[in-house]
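Reading the sequence shown from the start, the letters are residues 1 to 313 in UniProt numbering. Structure first, then comments.
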Amino acid sequence: EFMQVFWEIEEAQDKAIQVLASFVRDKSALPFLRRITELIAFALKTHVDSLKLQEDGCSLLLEIFSQALEQDVVGALDENVTVSLLETLRKHSENEELLSLVCTVLMMISASEVAAENLRKAGAIPDLLSILRSFLHNERICLSCCGVLWSLAASENTVDQAVLKSAVPVTSAVLQEHLQNGAVTESACSALWALSLQGCLSENDYEPTTMLLLDALRMNPERPVLVKNTFLALASLLRLSEIPALRFIMDPKGNGINLIKYAYDLHFDHPEVVENICMLINEMLQYDEVVLDMQFQKMEELLSEIKTSFPSS
């Protein structure tokens with residue numbers, strides 16, 4: 001009630017956010033998640049010029065959503081929450097610290113189909129790409145923005161194809177920049193997989209994207225989610241053209257078949273990884289030259305082992 005009565009007074013709103021933060025810290029605010037987030041969103045929108053209020057409000061939203069995800073109590077968010085966060089993003093587009101905070105919150109809420117749809121309708125993708133171009137060095141921003149891109153591109157709802165296609169070079173640049181950071185690489189590979197499924201890669205993208213994905217596997221073979229999604233992205237590319245298939249077996253840094261074998265050795269007990277290995281192999285079988293190389297590399301031994309290990313699949 002206090003926030004509603006004194007909604008025009010910046011100091012009152014900020015003080016109320018600090019009081020709410022104390023309730024959130026002792027985890028007594030979760031039953032009122034929707035109402036609290038609506039009030040914070042309204043305060044952010046009303047006082048969008050106030051850097052302190054934006055930082056305090058977004059920090060509180062981050063804490064709330066972190067707790068909500070831990071407790072699996074994230075419900076349908078009011079559209080005003082996503083709209084307010086985007087307004088903050090646009091108003092403070094040069095404040096790296098605040099953008100890092102806002103993008104992290106957006107990544108959390110974009111896991112919700114409703115929130116992802118609200119972000120899509122509000123035209124979030126061009127804003128995210130602009131931020132990525134400006135702050136390519138920032139690991140947290142890249143991780144979060146690619147996470148949001150993955151959610152939006154993987155959505156069943158139609159997204160402007162031209163906008164999604166413009167995300168391909170930016171996402172590839174993120175992957176190239178942060179290959180040694182497993183978390184960022186995982187997020188970027190997932191985004192590229194979603195973009196490839198949407199048909200956003202042109203023929204000119206096939207070869208360099210394949211090489212990047214192979215590098216991601218080489219640098220981070222121990223991460224099952226990264227391996228799983230990278231194999232899905234590669235399978236999607238091989239489904240489209242022989243170009244990535246030939247690059248896969250002729251990459252100067254090493255044959256991709258060896259990466260499949262190594263990934264299986266590391267993750268033989270992870271059914272989803274093994275399933276995606278099989279999906280990739282299935283796409284490889286389209287191309288005679290690739291099949292010859294698979295025979296040379298004795299891939300039938302790996303397939304036999306998989307069949308023995310997963311007889312019911």
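Glycine is no exception: its CB is placed at the ideal position from the N, C-alpha and C atoms.
Asked, Found
"Report the option in Leu-292, Cys-278, Leu-285 and Ser-312 whose CA atom is closest to the CA atom of Leu-302.", "Cys-278"
"On the three-state DSSP scale, how would you describe Cys-200?", "coil"
"So Val-174 and Cys-146 are supposed to be a Cβ contact under 8 Å. How far apart are they, rounded?", "6 Å"
"Going by alpha carbons, who is nearest to Lys-228 out of Leu-143, Ser-66, Asp-269 and Leu-132?", "Asp-269"
"Quick check on the burial criterion: 16 or more other C-beta atoms within 10 angstroms. Buried or exposed for Gly-57?", "buried"
"In angstroms, rounded to a whole number, what distance separates the CA positions of Leu-106 and Lys-15?", "24 Å"
"Taking the runs of the alpha helix (DSSP H) that are 4 residues or longer, which of them lie wholly in the UniProt domain \"LRRK2 ARM repeat\" (36 to 195)?", "51 to 71, 79 to 91, 96 to 109, 113 to 121, 124 to 134, 139 to 153 and 161 to 177"
"Does the beta carbon of Met-284 come closer than 9 Å to any beta carbon on chain D?", "In summary, chain D is missing from the structure at hand, where a single protein chain is found."
"Assign Ser-309 to buried or exposed, taking buried as 16 or more other Cβ atoms, counted over all protein chains shown, within 10 Å of its Cβ.", "exposed"
"On the CB-based measure, 16 or more other CB atoms within 10 Å of its CB, does Ser-144 come out buried or exposed?", "buried"
"For the region 230 to 313, list the alpha helix (DSSP H) runs that are entirely contained and at least 4 residues long, ordered along the chain.", "242 to 250, 256 to 267, 271 to 284, 288 to 296 and 299 to 309"
"Please report the straight-line C-alpha distance between Gln-161 and Val-274, rounded to a whole angstrom.", "32 Å"
"Under a Cβ-count criterion, where at least 16 other Cβ atoms within 10 Å of its own Cβ denotes burial, should Asp-49 be classed as buried or exposed?", "exposed"
"Do Glu-139 and Ala-188 have their C-beta atoms closer together than 9 Å?", "no"
"On the CB-based measure, 16 or more other CB atoms within 10 Å of its CB, does Arg-247 come out buried or exposed?", "buried"
"Can you list, in chain order, the residues of its chain with a C-beta nearer than 6 Å to that of Ala-154? Leave out the 5 residues immediately preceding and following it.", "Ala-194"
"Mind checking which residues open and close the alpha helix (DSSP H) that includes Glu-10?", "10 to 25"
"With C-beta atoms as the reference, is Ile-260 less than 9 Å away from Met-299?", "yes"
"Please classify Phe-231 as buried or exposed, where buried requires at least 16 other C-beta atoms within 10 Å of its C-beta.", "buried"
"Less than 9 Å between the beta carbons of Leu-99 and Arg-120, yes or no?", "no"
"Which one of Ile-249, Ala-111 and Leu-201 has the shortest CA to CA distance from Asp-293?", "Ile-249"
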